[in-house]
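Trainee: Here's a structure for you.
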Amino acid sequence: MSVGLTDDNRLFSCSVWRPQGKSYLFFTQFKAELKGTKIEYANAYSQSAAGGQSDVPLKPEEFTIGESTVTHRDGKFSAQLSKLTVIGRTRKDEL
463 MSVGLTDDNR LFSCSVWRPQ GKSYLFFTQF KAELKGTKIE YANAYSQSAA GGQSDVPLKP
523 EEFTIGESTV THRDGKFSAQ LSKLTVIGRT RKDEL
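As structure tokens, this is what we get:
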């Protein structure tokens with residue numbers, strides 16, 4: 463898992479992945495939720511980059527990106543999640 467913040471402190475990212483890529487263990491469902499902010503970008507991948515290969519995204523019909531959650535779609539998700547990335551906007555501190 464990695465968490466990052468942009469230089470201007472406006473966006474943060476969170477990525478969760480399997481370091482070895484594919485595994486005999488699999489997810490039957492997944493959900494990531496941001497509290498107190500909205501999702502600016504999210505994507506789920508069936509294969510994470512390794513050995514010179516690129517990330518392979520899940521098919522769009524396998525998951526849903528909502529205002530603050532990313533989740534599998536029942537009956538559509540193929541249980542091949544290797545990586546999940548979510549980017550959100552940080553809260554503004556008003557004076």
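Numbering-wise (the numbering used here), the sequence shown opens with residue 463 and increments by one. C-beta atoms are modelled at their ideal positions from N, C-alpha and C, and glycine is treated no differently.
1) Which class does P522 belong to by DSSP, given the choice of helix, strand or coil?
2) For L467, collect the residues of the same chain with a Cβ closer than 7 Å to its Cβ; drop the 5 residues on either side in sequence, then sort them by chain order.
3) Does the beta-carbon distance from F525 to T490 come in below 9 Å?
4) From K493, E502 and T547, pick the residue whose C-alpha is nearest to that of D517; which is it?
5) Have a look at M463 and G537 and give me their C-alpha separation to the nearest angstrom.
6) Is A504 helix, strand or coil by DSSP?
Mentor: In terms of the structure at hand:
1) Here the question's residue 522 lines up with position 60 in the sequence shown. Assignment of P522 by DSSP, reduced to helix, strand and coil, places it in the helix class.
2) Residue mapping note: residue 467 aligns to position 5 of the sequence shown, counting from 1. Short of 7 Å from the beta carbon of L467, and not among the five residues preceding or following it, lie these beta carbons of its own chain, in chain order: F474.
3) Against the sequence shown, residue 525 aligns to sequence position 63. Against the sequence shown, residue 490 aligns to sequence position 28. At a Cβ-Cβ threshold of 9 Å, F525 and T490 do not count as neighbours.
4) As a working mapping, residue 517 is identified with position 55 in the sequence shown. That would be T547, whose Cα lies nearest to the Cα of D517.
5) On the sequence shown, position 1 is the one that residue 463 refers to. On the sequence shown, position 75 is the one that residue 537 refers to. Rounded to whole angstroms, M463 to G537 spans 27 Å at the Cα level.
6) On the sequence shown, position 42 is the one that residue 504 refers to. It is a strand residue.
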